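Chemist: Numbering (my numbering), first residue to last: -16 to 152. Handing you a structure now.
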Amino acid sequence: FLESKGLEKLLIIAIAIAGFVLLNQLSTKFFYRFDLTEEQRYSINEATKEQLNNLPDVVNIEVYLAGELPSGFKRMQQSLLETLEEFVVYSNDNLTYQVIDPNAAISQKSRADFMQSIARIGLQPTDVFINDDGNRVQKRILVGVVINYGSRNIGVQLFKGNQSASPEE
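Shown next, in the form of C-alpha coordinates:
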(Lines of atoms letter the chains of each structure in order from A and count residues from 1; the text may use other names and numbers.)
(Lines give C-alpha, C1' and ligand atoms only; values in the text may rest on other atoms or scores of the structure.)
Protein backbone atom coordinates (compact mmCIF):
# COMPACT_ATOMS: atom_id res chain seq x y z
CA PHE A 1 0.00 0.00 0.00
CA LEU A 2 2.80 2.47 0.86
CA GLU A 3 4.69 1.69 -2.32
CA SER A 4 1.66 2.36 -4.50
CA LYS A 5 1.10 5.78 -2.81
CA GLY A 6 4.77 6.67 -3.32
CA LEU A 7 4.59 5.52 -6.93
CA GLU A 8 1.39 7.51 -7.41
CA LYS A 9 3.04 10.70 -6.06
CA LEU A 10 6.07 10.13 -8.26
CA LEU A 11 3.81 9.66 -11.30
CA ILE A 12 1.91 12.89 -10.51
CA ILE A 13 5.18 14.81 -10.21
CA ALA A 14 6.46 13.34 -13.49
CA ILE A 15 3.21 14.26 -15.28
CA ALA A 16 3.36 17.80 -13.86
CA ILE A 17 6.96 18.24 -15.02
CA ALA A 18 6.13 16.86 -18.47
CA GLY A 19 3.15 19.25 -18.64
CA PHE A 20 5.35 22.23 -17.78
CA VAL A 21 7.94 21.21 -20.39
CA LEU A 22 5.22 20.81 -23.04
CA LEU A 23 3.67 24.16 -22.11
CA ASN A 24 7.10 25.80 -22.32
CA GLN A 25 7.73 24.31 -25.78
CA LEU A 26 4.34 25.46 -27.02
CA SER A 27 4.87 28.95 -25.63
CA THR A 28 8.01 29.36 -27.77
CA LYS A 29 5.99 28.56 -30.89
CA PHE A 30 2.80 30.43 -30.06
CA PHE A 31 2.35 33.54 -28.03
CA TYR A 32 -0.08 36.35 -27.74
CA ARG A 33 0.52 39.78 -26.35
CA PHE A 34 -2.44 41.57 -24.83
CA ASP A 35 -2.42 45.26 -25.65
CA LEU A 36 -4.76 47.09 -23.33
CA THR A 37 -3.76 50.59 -24.46
CA GLU A 38 -6.47 52.61 -26.15
CA GLU A 39 -4.30 53.46 -29.15
CA GLN A 40 -3.00 49.85 -29.47
CA ARG A 41 0.55 51.11 -28.98
CA TYR A 42 2.03 47.65 -28.43
CA SER A 43 0.24 45.81 -31.23
CA ILE A 44 1.83 44.82 -34.51
CA ASN A 45 -0.55 45.23 -37.40
CA GLU A 46 -1.37 42.37 -39.74
CA ALA A 47 0.46 43.88 -42.74
CA THR A 48 3.70 44.00 -40.74
CA LYS A 49 3.22 40.43 -39.54
CA GLU A 50 2.65 39.29 -43.13
CA GLN A 51 5.76 41.10 -44.38
CA LEU A 52 7.85 39.60 -41.60
CA ASN A 53 6.46 36.15 -42.35
CA ASN A 54 7.37 36.49 -46.05
CA LEU A 55 10.95 37.74 -45.73
CA PRO A 56 12.84 36.08 -48.60
CA ASP A 57 16.22 36.25 -46.86
CA VAL A 58 17.75 36.94 -43.44
CA VAL A 59 17.61 40.51 -42.17
CA ASN A 60 20.06 41.42 -39.41
CA ILE A 61 19.52 44.48 -37.26
CA GLU A 62 22.34 46.04 -35.26
CA VAL A 63 20.93 48.02 -32.34
CA TYR A 64 23.12 50.89 -31.15
CA LEU A 65 21.48 51.72 -27.87
CA ALA A 66 23.54 50.15 -25.11
CA GLY A 67 25.95 50.90 -22.31
CA GLU A 68 25.43 53.45 -19.57
CA LEU A 69 22.21 55.15 -20.60
CA PRO A 70 19.92 57.61 -18.83
CA SER A 71 16.70 55.98 -17.61
CA GLY A 72 14.58 57.40 -20.45
CA PHE A 73 16.86 55.76 -23.00
CA LYS A 74 16.88 52.50 -21.04
CA ARG A 75 13.08 52.39 -21.32
CA MET A 76 13.39 53.13 -25.04
CA GLN A 77 15.93 50.29 -25.35
CA GLN A 78 13.66 47.85 -23.50
CA SER A 79 10.68 48.73 -25.69
CA LEU A 80 12.75 48.38 -28.86
CA LEU A 81 14.10 44.99 -27.81
CA GLU A 82 10.62 43.71 -26.94
CA THR A 83 9.38 44.76 -30.37
CA LEU A 84 12.34 43.11 -32.08
CA GLU A 85 11.72 39.89 -30.13
CA GLU A 86 8.18 39.89 -31.46
CA PHE A 87 9.46 40.58 -34.99
CA VAL A 88 11.80 37.57 -34.71
CA VAL A 89 8.87 35.31 -33.87
CA TYR A 90 6.76 36.53 -36.81
CA SER A 91 9.71 36.32 -39.23
CA ASN A 92 10.20 32.55 -38.93
CA ASP A 93 13.78 33.22 -37.79
CA ASN A 94 14.56 35.30 -40.89
CA LEU A 95 15.21 38.32 -38.67
CA THR A 96 18.05 38.52 -36.18
CA TYR A 97 19.34 41.35 -34.07
CA GLN A 98 22.25 42.17 -31.86
CA VAL A 99 22.78 44.96 -29.36
CA ILE A 100 26.09 46.78 -29.73
CA ASP A 101 27.64 49.22 -27.29
CA PRO A 102 29.66 51.67 -29.41
CA ASN A 103 31.62 52.76 -26.34
CA ALA A 104 32.91 49.24 -25.74
CA ALA A 105 35.78 49.73 -28.20
CA ILE A 106 39.09 49.30 -26.44
CA SER A 107 40.98 52.30 -27.75
CA GLN A 108 40.01 55.88 -28.47
CA LYS A 109 41.17 55.44 -32.08
CA SER A 110 39.01 52.38 -32.67
CA ARG A 111 36.02 54.25 -31.21
CA ALA A 112 36.69 57.20 -33.52
CA ASP A 113 37.05 54.89 -36.53
CA PHE A 114 33.81 53.15 -35.61
CA MET A 115 31.95 56.47 -35.28
CA GLN A 116 33.22 57.55 -38.71
CA SER A 117 32.08 54.30 -40.32
CA ILE A 118 28.66 54.49 -38.68
CA ALA A 119 28.30 58.15 -39.75
CA ARG A 120 28.75 57.07 -43.38
CA ILE A 121 25.70 54.81 -42.99
CA GLY A 122 23.66 57.71 -41.62
CA LEU A 123 23.85 57.48 -37.82
CA GLN A 124 25.02 60.43 -35.77
CA PRO A 125 25.62 60.48 -32.01
CA THR A 126 23.36 62.61 -29.87
CA ASP A 127 24.46 64.79 -26.98
CA VAL A 128 22.27 64.56 -23.90
CA PHE A 129 22.60 66.35 -20.60
CA ILE A 130 22.06 64.44 -17.38
CA ASN A 131 22.15 65.58 -13.78
CA ASP A 132 24.85 63.75 -11.84
CA ASP A 133 24.90 64.71 -8.14
CA GLY A 134 23.66 68.22 -8.93
CA ASN A 135 26.06 68.71 -11.85
CA ARG A 136 24.88 68.92 -15.42
CA VAL A 137 26.95 66.43 -17.42
CA GLN A 138 27.01 66.15 -21.19
CA LYS A 139 27.02 62.62 -22.55
CA ARG A 140 27.29 61.52 -26.18
CA ILE A 141 25.22 58.48 -27.09
CA LEU A 142 24.36 56.72 -30.31
CA VAL A 143 20.66 55.96 -30.71
CA GLY A 144 19.95 54.08 -33.90
CA VAL A 145 19.84 50.81 -35.77
CA VAL A 146 21.58 49.51 -38.87
CA ILE A 147 19.50 47.17 -40.98
CA ASN A 148 21.59 44.68 -42.97
CA TYR A 149 19.92 42.87 -45.85
CA GLY A 150 22.02 41.15 -48.46
CA SER A 151 24.74 43.63 -49.38
CA ARG A 152 22.74 46.67 -48.26
CA ASN A 153 23.21 48.50 -44.95
CA ILE A 154 20.72 51.19 -43.99
CA GLY A 155 21.11 53.35 -40.90
CA VAL A 156 18.00 54.53 -39.07
CA GLN A 157 18.35 57.32 -36.54
CA LEU A 158 15.90 56.63 -33.68
CA PHE A 159 16.33 59.90 -31.83
CA LYS A 160 17.12 63.40 -32.92
CA GLY A 161 18.69 65.42 -30.13
CA ASN A 162 17.07 68.47 -28.60
CA GLN A 163 19.51 70.54 -26.58
CA SER A 164 16.81 71.87 -24.25
CA ALA A 165 15.12 68.50 -23.60
CA SER A 166 16.06 66.19 -20.77
CA PRO A 167 16.87 62.51 -21.44
CA GLU A 168 13.48 61.60 -19.92
CA GLU A 169 11.71 63.69 -22.56
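The beta-carbon is built from N, C-alpha and C at its ideal position, and this holds for glycine as well. Quick caveat, the model's predicted, so the values are computed rather than measured.
Let me know if Gly117 comes out buried or exposed under the rule of 16 or more other beta-carbons within 10 Å of its beta-carbon.
Modeler: Sequence index remark: in the sequence shown, residue 117 carries index 134 (1-based). By the 16-neighbour rule on beta-carbons within 10 angstroms, Gly117 is exposed.
Chemist: What number of angstroms, rounded off, separates the C-alpha of Asp76 from the C-alpha of Ser90?
Modeler: Position 93 of the sequence shown, counting from 1, holds the residue named residue 76. Position 107 of the sequence shown, counting from 1, holds the residue named residue 90. Approximately 35 Å, taken between the alpha carbons.
Chemist: Residues in its own chain within less than 7 Å of Leu(-15) by CB, not counting five upstream and five downstream?
Modeler: Here residue -15 refers to the residue found at position 2 when the sequence shown is read from its first residue. Bear in mind that a pLDDT of 48 at Leu(-15), under 50, signals an unreliable position, so the number given afterwards is only what the model happens to contain. Answer for Leu(-15): no residue qualifies.
Chemist: Would you kindly check if the distance between the Cβ of Lys32 and the Cβ of Tyr73 is under 8 Å?
Modeler: For this step, residue 73 is matched to residue 90 along the sequence shown. For this step, residue 32 is matched to residue 49 along the sequence shown. Yes, the pair counts as a contact, with Cβ atoms nearer than the cut-off.
Chemist: Do the CB positions of Val111 and Tyr47 come within less than 8 Å of each other?
Modeler: Taking the first residue of the sequence shown as position 1, residue 111 is located at position 128. Taking the first residue of the sequence shown as position 1, residue 47 is located at position 64. Their beta carbons are not under 8 Å apart, which means Val111 does not touch Tyr47 by this criterion.
Chemist: Please specify which runs of the beta strand (DSSP E), each continuous and at least 3 residues long, are wholly inside the region 73 to 107, giving them in chain order.
Modeler: Those beta strand (DSSP E) runs which fall completely within the region 73 to 107 and span 3+ residues are 78 to 82.
Chemist: So, is Glu45 buried or exposed, given that buried needs 16 or more other C-beta atoms within 10 angstroms?
Modeler: Here residue 45 corresponds to residue number 62 of the sequence shown, with the count starting at 1. Note on Glu45: 16 or more other CB atoms within 10 angstroms of its CB, so buried under the neighbour-count rule.
Chemist: If we require 3 or more residues per run, which beta strand (DSSP E) segments fall completely within the region 29 to 73?
Modeler: 42 to 47
Chemist: Cβ of Gly133 within 8 Å of Cβ of Ile104?
Modeler: In the sequence shown, counting from the first residue as 1, residue 133 sits at position 150. In the sequence shown, counting from the first residue as 1, residue 104 sits at position 121. No.
Chemist: Just list the residues that DSSP pairs Ile137 with in beta bridges.
Modeler: One-based indexing of the sequence shown puts residue 137 at position 154. In the DSSP assignment, the residues bridged to Ile137 are Ile130.
Chemist: Pull up the CB-CB distance for Asn86 and Gly55, whole angstroms please, since I reckon it's below 8 Å.
Modeler: As a first step, residue 86 must be located in the sequence shown, where it is residue number 103. As a first step, residue 55 must be located in the sequence shown, where it is residue number 72. Actually they are not in contact, since the Cβ atoms of Asn86 and Gly55 sit about 18 Å apart, beyond 8 Å.
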